[in-house]
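Heads up: the sequence lines are chains R and F, in that order.
Just so you know, we're using the working numbering here: the first sequence kicks off at 1 and counts up by one.
Just so you know, we're using the working numbering here: the second sequence kicks off at 1001 and counts up by one.
As structure tokens, the structure follows; a few thoughts come after it.
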Amino acid sequence: DTEVTQTPKHLVMGMTNKKSLKCEQHMGHRAMYWYKQKAKKPPELMFVYSYEKLSINESVPSRFSPECPNSSLLNLHLHALQPEDSALYLCASSPTSDTQYFGPGTRLTVL
Amino acid sequence: DQQVKQNSPSLSVQEGRISILNCDYTNSMFDYFLWYKKYPAEGPTFLISISSIKDKNEDGRFTVFLNKSAKHLSLHIVPSQPGDSAVYFCAARATDSWGKFQFGAGTQVVVTP
Chain R
1 DTEVTQTPKH LVMGMTNKKS LKCEQHMGHR AMYWYKQKAK KPPELMFVYS YEKLSINESV
61 PSRFSPECPN SSLLNLHLHA LQPEDSALYL CASSPTSDTQ YFGPGTRLTV L
Chain F
1001 DQQVKQNSPS LSVQEGRISI LNCDYTNSMF DYFLWYKKYP AEGPTFLISI SSIKDKNEDG
1061 RFTVFLNKSA KHLSLHIVPS QPGDSAVYFC AARATDSWGK FQFGAGTQVV VTP
């Protein structure tokens, strides 16, 4: 298995909802990442997990809460989001600190 | 502060010709560089990488050149194919920034018949 999968593909949520994004990889990569990408902008790093521990938080608001239950799985819990949080959320994994492999993303719309 | 810059937002090239995409960076601590290709509504796909100890890396139709003194890298695609039409991002990581890649704004490539 040489890919990163993300579910759901699309998500529409209200500002009071709680939802979660899921990312999975079975390549044995020990680093996993969450990025946010707005239209016509580059991906922006949000969180990095290394060996299932949070190693980087790029000053992301607490309404985004990451979780790494095991080495293959990465979740992003969402609560009380704002319309400006609407974006493509990308998950990536890497075997070391080098090349990152991205999933297809979850297109999030906050109403 | 944008440390990785792709100053050409778009590039149009004829099928079969060479596509040259440019990327400039400002941080002299960057030591590893990646190029990604992205189709709409998909995640970026890794294309090719280069370490600062090299000045060229080749993989099939894709070649990346690194000029450290000019803080410049370029991606050459030869020959260009219609399937190469996508947005291309360069990304760079500093020696002391494990896992933290800075991305350029991207260049939209359109390959015409």
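Think of the CB as a built atom: it goes at the ideal place given N, C-alpha and C, for glycine as much as any other residue.
7 Å Cβ cutoff, residue i in contact with chain F
i                 : result
Ala31 of chain R  : yes
Gly28 of chain R  : no
Thr99 of chain R  : yes
Phe102 of chain R : yes
Pro112 of chain R : Any answer about residue 112 of chain R is impossible in this case: the structure gives chain R only from 1 up to 111.
Gly105 of chain R : yes
Leu90 of chain R  : yes
Val110 of chain R : no
Val48 of chain R  : yes
Any chain R beta carbon closer than 7 Å to residue i
i                  : result
Ser1008 of chain F : no
Ala1105 of chain F : yes
Glu1042 of chain F : yes
Ser1052 of chain F : no
Phe1062 of chain F : no
Ser1085 of chain F : no
Ser1049 of chain F : yes
Gly1099 of chain F : yes
Phe1065 of chain F : no
Residues near residue i in its chain [Cβ-Cβ closer than 8 Å; skip 5 each side]
i                  : result
Ser1049 of chain F : Tyr1032, Phe1033, Leu1034, Trp1035, Asn1057, Val1064
Met13 of chain R   : Lys19, Leu78, Leu81, Leu108, Thr109, Val110, Leu111
Ile1018 of chain F : His1076, Ile1077, Val1078, Pro1079, Ser1080
Val60 of chain R   : Met46, Phe47
Ile56 of chain R   : Leu45, Phe47, Val48
Own chain, CB closer than 6 Å to residue i, minus 5 neighbours either side, in chain order
i                  : result
Phe1101 of chain F : Ala1091, Arg1093
Ser1010 of chain F : Gln1108
Thr7 of chain R    : Lys22
Pro1113 of chain F : Glu1015
Pro95 of chain R   : His29
Neighbourhood of residue i by C-beta, 7 Å cutoff - its chain only, sequence neighbours within 5 removed
i                 : result
Glu124 of chain R : No information on residue 124 of chain R is available, as it lies outside the stretch 1 to 111 that chain R covers here.
Leu90 of chain R  : Tyr35, Gln37, Pro43, Phe102, Gly103, Gly105
Discussion item. Please give the ranges of any beta strand (DSSP E) in the segment 1004-1055 of chain F, keeping only runs that are unbroken, at least 3 residues long and fully inside the region.
Written reply: 1010-1014, 1019-1025, 1030-1038, 1045-1051
Practice prompt. Please list the residues of the segment 1025-1036 of chain F that have a C-beta atom closer than 7 Å to any C-beta atom in chain R, keeping them in chain order.
Written response: Tyr1032, Leu1034
Worksheet entry | Contiguous beta strand (DSSP E) assignments of at least 3 residues, all confined to the segment 42-78 of chain R | 44-50, 53-57, 64-70
Worksheet entry | Three CB pairs or more closer than 8 Å across the segment 28-39 of chain R and the segment 1083-1090 of chain F | no
Item to complete: Within the segment 1085-1113 of chain F, note down every full beta strand (DSSP E) run reaching 3 residues or more, in order along the chain.
Response: 1086-1094, 1101-1103, 1107-1112
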